[in-house]
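Protein chains in written order, with our numbering: chain E, 18 to 345; chain S, 1270 to 1576.
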Amino acid sequence: MLYIAKRLAFYLLAAFVAITVNFFLPRLTPGDPASTIVATYSTTLNEASLNALKAAYGLTNEPLWSQYVTYLGNILHGDFGRSLSNFPAPVTAIISAGFGWSILLGLTSVLLSFVLGSALGALAAWRRGGLFDKLAPPVLLFLGSFPYFFLALLLFYLFCFKLQWFPMGNAYSSVNPPPFTLNGIGDVLFHLIAPAFTIVLVSLGPWTLNMRNAMIGVLSEDYLTLAEAKGLKPRRVLFSHAVRTALLPNVTALGAAIGGVFSGQLLTEIVFTYPGLGYSLMRAVSSVDYPLMQALFLIITLSVLVANFVVDTVYVLLDPRVRTGQEA
Amino acid sequence: MALYDTLASARRKAFGSIPVTVGAVILLILVGSSALAQWIAPYNPKRATGGINEFPSLKHLFGTTGQGQDVLSQFLYGGQNTLWIAFTIAVLTTLLALIVALTAAYFRGWVDDVLTLVTNVFLVIPSLPLIVVLAAFLPPGPLTMIAVLTITGWAFGARLFRSQALSLREREFIAAAEDVGERRWRIVAIELLPNMGSVVAAYFVNQVIFAITAQASLEFLGLGDGGQVTWGSMLFWAQNTSALIRGAWWTFVVPGMAIALTAFSLALINNAVDELGNPRLRADRLLRRAGVRKSSASLMTPVKRNA
């Protein structure tokens, strides 16, 4: 329990740091970007909106600390500011539309690549020196060298444009989100395949290679020799003795990987015009919508922190050392 | 001395293996051709010198872009810009990571605690959104690119080097140095640092890969310097001129493969270096050379099993 409490405290601190960075960034970066932003919009916005914008970027007479307190209060109330490109709309409204789709794509692809990669790694280590063990590492290394968005471009061109096996973008066929029926779910899954496949392909390598190396370490342990010597079936040795232990480093890496995969996912979404957060991010960048960018940064960071916390909790279930209070 | 030995043995062992040779050759071709861009590029990379999205021909070996520029020339000049920025970022992040890790190892106690905490916070915050926000508030250009990716890219190295320093600290020769009464900075600089050579080298290579991909990602989003030709900006323009839907695959395959091949060749080299540091991964090859036939999956002492 102490372990979980410690992790929670750490993630709260990380969240606080992210929020604080977000506050000070437009105020302290050289060249006074805040004034530039306000100046750009001074002709297009009305008086009230302009004042709101000035307040959001600290161009008021209020002292810094009281701005900071107001800002923290706003964040706690879920008020992340207003979008500049669609002015009165709060950024949270724009973000929440894409949030669910990003979570769906992210969860699917991270879990798929984790399970698939760990299985392939275990297999490679178990059949060491075999054909698969020889071929898999270089092939995965090669795929892993592709930036996410480049592989996405290639697959999009090949499967969606040339062969037309998969739809060219979007998350569903109709104008409105499909109903929660078999057909509707099938439609959503059909649109999910190409972007998820891209992410799985690029992120598969580390899982496989880490699992393989961890397995090789575990396989040299005495207790495995004992398990084999006392006549356990190979399958039993593999699953209950070797894989279970070798999986731990991969679970630890899962938390760290979520952030990275999510970053890659945002770019993949842009290529496939998948309506997730990546799309909002591109819109924010291309229309220089600073509040939207900042809100995306905060919301993505907070989500990743939550995901990490969940992984840490799962870790406690897997590693008895942590459960009994020792450090892992 | 230790560093020299590591490098010497690495060279001896590594160049016997095919992956490293393949990696080195690919890397040499890419770096070499980019370095010679001024002399071998057929056209000005920024000028329209042909039709729009022309298929590769003798006149334009890699075709032309959606704005009529020569893709080959862009690839060569783009490589130059991409690689020097990536190299600078890799040097800076490695240095920063080393400074943080060695400071933690030197001062120990609360300084170590604070630095570890800062490192972990940087590790857990997802990089791309942070990079985007940072880059958006700073004026676009190579300096911003270098600054932003250095700030966001050092944390993993600091953690790696710190744990390496901690495990080295337990060794006898450090204890011996302490007993002899060597000062702490001397232990860190003379005993600790040289023994971390192979880890630092491997990390540096990884950082070049990170810098190339992160830079390209940022430019692909449109946060690069529009006036510069880089592999990332080539991809950005390919996407923005709808090259995909017009079937102009050469405009994104060329820069994309350039990035992927650079990263792949570096990864090949790195993997071999990694294997040198991890004897277990090498055990198989050694066993086979010794004439041992492997009959079981577990790696117990092979002599007993097959005797």
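Just so it is clear, CB atoms sit at the ideal spot from N, CA and C, and this is done for glycine as well.
- Residues A1373 of the same chain have their beta carbon placed closer than 7 Å to that of D1381 of chain S, with the five preceding and five following residues left out of the count.
- Per the C-alpha coordinates, the member of S:S1534, S:T1351, S:G1493 positioned closest to A1480 of chain S is S:T1351.
- Using a 10 angstroms sphere on the CB of R1440 of chain S, the tally of other CB atoms stays under 16, which defines it as exposed.
- The Cβ atoms of G276 of chain E and V321 of chain E sit closer than 9 Å to each other.
- Here the alpha carbon of G1319 of chain S sits roughly 48 Å from the alpha carbon of G201 of chain E.
- Each of E:T242, E:M232, E:S237, E:F197 was checked against the Cα of R261 of chain E, and the nearest Cα belongs to E:M232.
- Contact between L101 of chain E and Y307 of chain E holds, since their C-beta atoms are separated by about 7 Å, short of 8 Å.
- For the pair A213 of chain E and C177 of chain E, the CB atoms are not nearer than the 9 Å cut-off.
- In this structure the segment 32–45 of chain E does not touch the segment 285–293 of chain E; the number of beta carbon pairs closer than 8 Å is below three.
- Less than 9 Å separates the beta-carbon of A312 of chain E from that of I112 of chain E.
- For a Cβ distance threshold of 9 Å, nothing in chain S lies close to N187 of chain E: the least Cβ distance comes to about 15 Å.
- With a beta-carbon spacing of about 24 Å, G1335 of chain S and L1299 of chain S fall beyond the 8 Å limit used to define contacts.
- As computed with DSSP, T1388 of chain S is found in no beta bridge at all.
- M310 of chain E sits buried, since 16 or more C-beta atoms from the chains shown fall within 10 Å of its C-beta.
- One alpha carbon belongs to W1500 of chain S, the other to L140 of chain E, and they sit about 37 Å apart.
- According to DSSP, residue pairing for R99 of chain E in a beta bridge involves E:P107.
- Taking the Cα of G1410 of chain S as reference, the smallest distance to any Cα among S:T1482, S:S1502, S:F1442, S:F1430 is reached at S:S1502.
- Under the rule that a run must span 4 or more residues, the alpha helix (DSSP H) segments found entirely inside the segment 222–265 of chain E read 239–246.
- Of the candidates S:A1306, S:F1442, S:F1473, S:F1533, S:F1442 places its Cα closest to the Cα of L1461 of chain S.
- A direct Cα-Cα distance of roughly 30 Å separates L199 of chain E from L284 of chain E.
- Per the coordinates, the alpha-carbon of A1536 of chain S lies some 24 Å from the alpha-carbon of L265 of chain E.
- Within 8 Å of the CB of A1405 of chain S, the CB atoms of chain E belong to V302, V305, Y307, M310, in sequence order along the chain.
- Interface flag for F1324 of chain S against chain E is unset, since no Cβ pair is found closer than 9 Å.
- Take V1291 of chain S, set aside five residues on each side of it, and the residues of its chain with a beta-carbon closer than 7 Å to its own are L1537, in chain order.
- Secondary structure of D1494 of chain S (DSSP, three-state): coil.
- The criterion of a C-beta distance shorter than 9 Å is not satisfied by N1322 of chain S and A1527 of chain S.
- Here D336 of chain E carries a coil assignment [DSSP, helix/strand/coil].
- If you draw a straight line from the Cα of A69 of chain E to the Cα of L81 of chain E, it comes to about 16 Å.
- Boundaries for D1339 of chain S: no alpha helix (DSSP H) harbours it, and the DSSP string shows neither H nor E there.
- Here the alpha carbon of S1396 of chain S sits roughly 23 Å from the alpha carbon of K23 of chain E.
- Using beta-carbon distances, Q1476 of chain S does not count as an interface residue toward chain E, since no partner is under 9 Å.
- By the Cβ-count criterion, Y240 of chain E is exposed, with fewer than 16 other Cβ atoms from all chains shown falling within 10 Å of its own Cβ.
- Counting of Cβ neighbours within 10 angstroms places N1540 of chain S among the buried residues, the total reaching 16 or more.
- Ranked by Cα distance from P223 of chain E, the options E:V205, E:F159, E:F183 are led by E:F159.
- Not one beta carbon of chain S lies nearer than 9 Å to the beta carbon of L101 of chain E.
- Among the residues of chain E, those whose CB is under 8 Å from the CB of P1288 of chain S are P155, following chain order.
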